[in-house]
Every structure is written in C-alpha cells, then in structure tokens.
Amino acid sequence: MSWLINTFQTYPELAIFLTLGLGYWLGALKFGTFSLGEVTGTLLVGLVIGQMQIQISPELKSVFFLMFLFAVGYGVGPQFVRGLKSGGIPQAIFTIIQCVACLASTILVAKLFGYDMGLTVGLFAGSQTISGVLGTSTDAISQLGISEAAKQEIANAVPVAFAVTYIFGTAGSAWFIASIGPKLMRVNLPLECRKLEEMMGGTQQDEMGVFSANRPFTARAIRVTNSKFLNRSVEELEKYFSGIGHRVFVVRLRQEDKLVDSSPGLIIGTGDTIILSGRTEFILENISLIGAEVDDKALLDYPIEVLDVVLTDKTIEGLTLQQLAANDFAHGVGLRKLVRGDMEMPFTAGTKLDRGDVLTIVGARQNVEHATIKLGYADRSTETTNMISMGVGIAIAG
2 MSWLINTFQT YPELAIFLTL GLGYWLGALK FGTFSLGEVT GTLLVGLVIG
52 QMQIQISPEL KSVFFLMFLF AVGYGVGPQF VRGLKSGGIP QAIFTIIQCV
102 ACLASTILVA KLFGYDMGLT VGLFAGSQTI SGVLGTSTDA ISQLGISEAA
152 KQEIANAVPV AFAVTYIFGT AGSAWFIASI GPKLMRVNLP LECRKLEEMM
202 GGTQQDEMGV FSANRPFTAR AIRVTNSKFL NRSVEELEKY FSGIGHRVFV
252 VRLRQEDKLV DSSPGLIIGT GDTIILSGRT EFILENISLI GAEVDDKALL
302 DYPIEVLDVV LTDKTIEGLT LQQLAANDFA HGVGLRKLVR GDMEMPFTAG
352 TKLDRGDVLT IVGARQNVEH ATIKLGYADR STETTNMISM GVGIAIAG
C-alpha cells in the first residue's frame, strides 16, 4: 500500500486518470433505477483517492477550471443574452432572491455546526451544485492574510465538503422535485409530462445505433394521374398543399424517361412521375389524391442530407418556425430537431428561434446547403477541436 501511495504522490497525473476511470465506472452502475452519474461518481472516487495526500499543481487546477468555464459559456452564452432581452428584469429579481436564500442558508448551517471557512465554501458549492465556486474560492483563500499552512488547510477542506454535499445537490434535489413536489402540487407528474410531450411533438431520443422505425419525413415516387394536377406547374401543386396546411415539395420528376430536377415553373404533364417530399403523414394522406405510388429506384436515387446548423443570422432571431418556413430558402427543408443550450426542445409552428439554436434540418442536399448559408454555419460531425477558438477564447475571457 505504501508503494501505491508513494507512486501516486510522485506521479499525481496517474491519480487523476485513475479517478476518472473509476469515477465513470462507479457513475454508470445501476442501483435499481438509480445511478450516481459520472460527475458524482468521479467526485466520490476523488474523495477516496485524495486521502493519500496527493498534491495537485495549482496551475493545473486553474487550467481545468478555465476550460470548464469556457465550455459552459460556449454552450449557454447566446441563450443567456437572448434571455436578458426578453425577460431580463424578472429573471434578475429571481436570481437575487435565489442567491441570497442559498448563501443565507449556508451561513446559518455553518454557524450551527461550527464549520470552518473551507467546509463552509464546500458546503455552499456542493449543495447548490455550483462548481465555479471552487475556483473563485481558491483565489479568495490565496489572498487571505494568514500563513501558507493555514491557507492550504482551508483549501483542502473545500473539495471534501463539496464532494459529500454534491450528492444531495444533484440526486437529492432531483428526488425531492420528482417525488415530493408533485404531491405538494397534487399532480400526476409522469402523466402531465407525457401530455406535454405529445402536445409539443416531442419524441424519445434514439440510442446510439438504434433508431425508431417511425421516420417523420419521407420521399415517395408518385405517378400523376389526377387531371386536377396535370398541365400545372410545380409551384401550383405545392401551393395547393400549403393552402391546406401541408408543407410538401416536389424534388424531382421523370418526364418521358428523363430525370429532371424540380423548378417552380416546370409543368407536370400526363404520365409524369414526381418525387413528393415532406412529413410522412402529409404524404400518405395525399398519395391517392395525386395518383399512384410507384417503385422508381432511379428517380429516388438522389442525395438527401441531415445536417445540424447553428443559427447565427440576426434577421432570423425571434422569428417563429412558421415564419421561417415562409422564406424561399426554407423550400424543400424540414426540421427534425431543435437544440437550445445543449437541451433538445419540443417545438411547434409558434416556437420562436434564438441565435445559438442548433437546428437539425433534412432535405435534398442542394436545398439543405442553400438553407444553411442563410441560417448560419454547419455543425458537421468532427473528431477534432477548433483549438484556435478555444485557446484564444479562454485567453481573452481569462
């Protein structure tokens, strides 16, 4: 055991990685339907391994703290600014009340139990799950007019209290809100959640490699036989469906054995086959109205794209999805998912857009690429980090 302790004290970087590995393993364990989660698991393992009196470089602590702050700000910054514009005063008042209540409660408990400065700071950070307090408190402690040994003793107590109280700050508060809160409000929480999800059009998130058989958007090949749509333009056909509340689009056509890309003025003739794209329920409802579905593999063989786009255009900020859909650049494009501040949002036609929202759009590749240019920038899957924005951003903010 002494060899192990000496090794970790000599090479603290090994202790860090062991803490991460065991912490994530502990956090993934299931106790019935309950699990600690990666953050709580890592904190608990760190608390145990930290009893070996392992000294971590203060510079390393600062580096990771700055990376943490950068990641949080990068994720919620645009929505934070937007929130101040729309309801800033009520939110500011609520924030003041929350801060005063949390701080007063912490001081009261610390006085009652005789906690020192370090334990009090850890209690505040962990019970309120405010990791940022750890960094700011370390800076404050370092500026105290006491000996270095006293400063170190106070600083060492902070993460201990934080790790212990963080468990209730996360799991305990979640249990209280989910179990006690509904009883106080006399509501059936699971039932109300399902009702809201159905009303807002929410769906369960797919697991990695597992997908729902229910696809919200589809493209079907239909041979036009209804005289109502013959010798009419593509634009007229699409306007007919928009008039009854359906966003469907003609993507391609087969005309006399020629495959033709759609254009608004293109005339649909007798015997033509069209690719109709849109929400599945709209397409299925209207196939028989247009004609008969056919299996035209060549006509259906065109590239479609599903792409995450970060909304940055100021002129689109504040528009509803219905207003966005009325723009020409949104032609042929559907919305599969809306993510705001790392959280997937249920949406309706009246949902307003914020800058920083991530829209998962789908459609023919040329339509998706055209819409992306107007909306913002494509957040394509990548295995690399933009070190320029991260490095410069942390330096400026710090």
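Count the sequence shown with our numbering and you get residues 2 to 399, in order. Glycine included, C-beta positions come from ideal geometry on N, C-alpha and C. Fair warning: this is a prediction, and the values are worked out from it, not measured in the lab.
Looking at residue j and residue i, is the spacing between their C-beta atoms short of 8 Å?
i           : j           : result
residue 312 : residue 360 : yes
residue 239 : residue 252 : no
residue 218 : residue 279 : yes
residue 119 : residue 156 : yes
residue 135 : residue 177 : no
residue 225 : residue 288 : no
residue 413 : residue 222 : Since the first residue shown for the chain is 2 and the last is 399, residue 413 is missing from the structure and cannot be characterised.
Could you work out which residue in the options is closest to residue i when comparing CA atoms only?
i           : options               : result
residue 60  : 278, 216, 139 and 239 : 139
residue 63  : 301, 174, 143 and 192 : 143
residue 104 : 122, 377 and 93       : 122
residue 284 : 322, 245 and 159      : 245
residue 75  : 367, 365 and 357      : 357
residue 23  : 343, 33, 348 and 44   : 44
residue 257 : 273, 266 and 249      : 273
residue 14  : 57, 34 and 301        : 57
residue 328 : 53, 171 and 248       : 248
residue 51  : 148, 2 and 161        : 161
residue 337 : 396, 215 and 270      : 215
Compute the Euclidean distance between the alpha carbons of residue i and residue j, then round it to the nearest angstrom.
i           : j           : result
residue 127 : residue 7   : 30 Å
residue 299 : residue 95  : 59 Å
residue 36  : residue 29  : 6 Å
residue 131 : residue 73  : 12 Å
residue 39  : residue 369 : 36 Å
residue 114 : residue 152 : 21 Å
residue 77  : residue 318 : 16 Å
residue 158 : residue 392 : 31 Å
residue 71  : residue 133 : 11 Å
residue 27  : residue 383 : 29 Å
So is residue i buried or exposed if we call it buried at 16+ other beta carbons inside 10 Å?
i           : result
residue 42  : buried
residue 167 : buried
residue 307 : exposed
residue 91  : exposed
residue 373 : buried
residue 32  : exposed
residue 363 : buried
residue 404 : Summary: the structure shown does not reach residue 404, with the chain confined to residues 2 through 399, and so no result is reported for it.
residue 192 : exposed
Let me check one thing: in DSSP terms, what residues is residue i bridge-paired to?
i           : result
residue 260 : 255
residue 222 : 276
Heavy atom of the ligand SAH less than 7 Å from the Cβ of residue i, yes or no?
i           : result
residue 129 : Of ligands this structure carries none, so the ligand SAH is not represented either.
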